[in-house]
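Asker: In terms of the UniProt record's numbering, the sequence shown has 317 at position 317, counting the first letter as 1, and numbering is strictly consecutive.
In this text, a Cβ means the ideal position worked out from N, Cα and C, and glycines have one as well.
On a predicted model such as this, the values are computed, not experimentally measured, just so you know.
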Amino acid sequence: MKKIVILAPISNNYINYFDAISGDKDNLYLIFAMERHRDNYPETLPENIKFVFLKIWNEEYIDYVISQTFGQQIDYVYAYSEEEIIFAAKLRKKYQVTLGQSLTSAEEFRNKLTMVKAAEQAHVAVPRYWPVDNVFDLIEAEKKLGFPFVLKPIAGMGSMDTFVVHDHVELERLAADKILRGYLAEEFIPWPLYHVDGFVKQGHFVYLISSKYFANTLEVKNGKSVGSVQISPTAAEQKLIRSYATDLLKGMDTPENYLFHLEVFCDGREVKLCEIGSRLGGGRILQELEQGLGFSPIQELLKLDLGLPNKVDLDKEYKSAEIRGFVMVEPGRGILQKLPAADAVLAANPEVYDYYQYAKLGRTYNGAASSVEALAAISVCGKDSRTVEEKLKDLDAWLKKAAVYS
């Protein structure tokens with residue numbers, strides 16, 4: 001029996017990794033999840049699956065429980081959330097786990113400064129950059145990069161705490177108002193932004209699907225809803241992006257099997273790095289892939305690593321059925337009093353295959369501070385990228401107008 005640790009701080013109702021292992025009687029599982037997600041799981045569990053439900057995510061306590069349960073050696077650590085990538089890698093190192101992502105690999109995918117240096121070593125194009133750990137570094141960044149430039153936390157997620165610095169007024173405001181530790185300044189790249197989601201098995205792409213943002217994660221601060229649409233596998237940009245991703249990943253430290261979420265700028269002739277993570281993308285990318293591919297990447301990676309029966313065929317590269325996209329509808333301002341019911345949205349719009357409401361009635365909203373805030377996510381499928389994008393924009397405008405605030 002293998003000793004398996006799973007770090008599961010995110011709701012299983014969203015990720016649903018549990019279906020991949022619930023029928024496995026041949027391995028021992030120690031799963032750490034949040035107390036507030038207890039109702040995501042069956043009341044009665046097999047003897048070989050043990051849960052530890054936590055009120056707070058306490059890494060030291062998790063480490064202690066692992067040592068008390070399994071001793072000083074385990075066989076596998078699974079983590080699917082961006083926040084746990086480094087912690088999981090440290091556990092693998094401590095408990096002599098040879099399968100999965102190393103600490104070196106985790107740092108390349110999680111630390112944006114280490115990441116951009118790894119990309120340079122892979123000989124792929126990156127924006128000009130400058131590390132920022134104090135006000136003097138910030139001033140030097142402007143001298144090196146010029147205006148505008150982007151300032152983002154080295155260990156950041158999404159667009160949280162990320163700024164576009166346009167002039168000396170904004171520069172001085174940041175210098176006065178922010179504790180500038182652990183940031184990276186990069187030249188502003190005014191090209192379209194794409195996200196690329198892939199699954200690699202033993203060096204081969206199980207799938208590689210690219211989507212173009214029609215409003216990216218920084219534009220949410222300007223009142224736009226974040227949204228993206230898959231591009232055709234035969235699009236000219238897809239060939240460029242695939243080649244870039246291949247070269248980048250070859251130059252990085254990667255495990256045998258892994259998921260990745262890559263964001264790149266592409267002007268139709270050249271590709272430059274935004275960032276890459278060894279995880280599935282956020283928003284409704286999981287649902288987009290499940291619907292388009294017919295399987296859950298999270299479940300299949302877990303089963304693949306554990307040697308459980310899986311749907312992944314090494315001799316096949318999977319393509320998404322139809323073109324899919326989603327929009328994260330930005331909240332308005334005020335106390336939310338009313339939103340259309342999900343059933344009504346789905347019934348009136350046959351192109352919509354997924355509608356997920358994030359907002360809570362009675363809650364006060366003041367727009368969106370980052371790309372992770374939304375009234376709802378709306379997902380659409382159609383015959384081509386243009387049709388899907390137009391429908392998403394129409395639904396975004398409609399839902400914003402239909403939302404009632406006081």
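Could you spell out the range, first to last residue, of the alpha helix (DSSP H) harbouring residue 407?
Answerer: Here the chain has residues from 1 to 406 only, and residue 407 is not among them.
Asker: If we require 3 or more residues per run, which beta strand (DSSP E) segments fall completely within the region 70-151?
Answerer: As far as the region 70-151 is concerned, its whole beta strand (DSSP E) runs of at least 3 residues are 76-79 and 129-132.
Asker: Report yes or no: do the region 329-340 and the region 289-303 share at least 3 C-beta pairs separated by less than 8 Å?
Answerer: Counting Cβ pairs under 8 Å, fewer than three are found: no touch.
Asker: Kindly indicate the opening and closing residues of the alpha helix (DSSP H) around D343.
Answerer: That run of the alpha helix (DSSP H) goes A342 to A348.
Asker: How many whole angstroms separate the CB atoms of S67 and P255, which I take to be in contact at a CB cut-off of 8 Å?
Answerer: Not really, about 24 Å apart at Cβ, beyond 8 Å.
Asker: Cutting at 7 Å between CB atoms, please list the residues of its own chain near L103, excluding the five before and the five after it.
Answerer: A89, K90 and K93, listed in sequence order.
Asker: With DSSP run on the structure shown, which of helix, strand or coil describes T364?
Answerer: Reduced to three states, the DSSP call for T364 is strand.
Asker: From F295 to P42, what distance separates their C-alpha atoms?
Answerer: Distance between the alpha carbons of F295 and P42: 22 Å.
Asker: Need the endpoints of the alpha helix (DSSP H) that A245 sits in, please.
Answerer: First-last of the alpha helix (DSSP H) with A245: A236 to K250.
Asker: What are the uninterrupted segments assigned as alpha helix (DSSP H) that are 4 or more residues long and contained completely in the region 283-321, given in chain order?
Answerer: Within the region 283-321, the complete alpha helix (DSSP H) runs of at least 4 residues are 285-293 and 297-306.
Asker: Less than 8 Å separating the beta-carbons of Y78 and L30?
Answerer: No, these two residues do not count as a Cβ contact at 8 Å.
Asker: Going by DSSP in three states, I56 sits in which element: helix, strand or coil?
Answerer: If DSSP states are grouped into helix, strand and coil, I56 belongs with coil.
Asker: So is A119 buried or exposed if we call it buried at 16+ other beta carbons inside 10 Å?
Answerer: Looking at its Cβ environment, which holds 16 or more other Cβ atoms inside 10 Å, A119 is buried.
Asker: If you reduce the DSSP assignment to three classes, tell me which class S228 lands in.
Answerer: Three-state DSSP puts S228 in a strand.
Asker: Does the separation of the CB atoms of N366 and R324 fall below 8 Å?
Answerer: Result no, Cβ atoms of N366 and R324 do not sit closer than 8 Å.
Asker: Between which two residues does the alpha helix (DSSP H) carrying K391 extend?
Answerer: Segment S385 to A402, the alpha helix (DSSP H) holding K391.
Asker: Assuming the contact rule is C-beta atoms closer than 8 Å, T234 and G158 should be a hit. Round their C-beta distance to whole Å, please.
Answerer: Between G158 and T234 the Cβ distance is about 30 Å, and since that is not below 8 Å, they are no contact.
Asker: Taking only three categories from DSSP, how would you classify Q202?
Answerer: If DSSP states are grouped into helix, strand and coil, Q202 belongs with coil.
Asker: Check R36 in the structure and name its three-state DSSP category.
Answerer: Three-state DSSP puts R36 in a helix.
Asker: Restricting to Cα atoms, I'd like to know which of M34, I49, L145 and K3 is closest to D19.
Answerer: For the residues M34, I49, L145 and K3, the minimum Cα distance to D19 belongs to I49.
Asker: Does the Cβ of L361 have 16 or more other Cβ atoms within 10 Å, making it buried, or fewer, making it exposed?
Answerer: Exposed: under 16 other Cβ atoms inside 10 Å.
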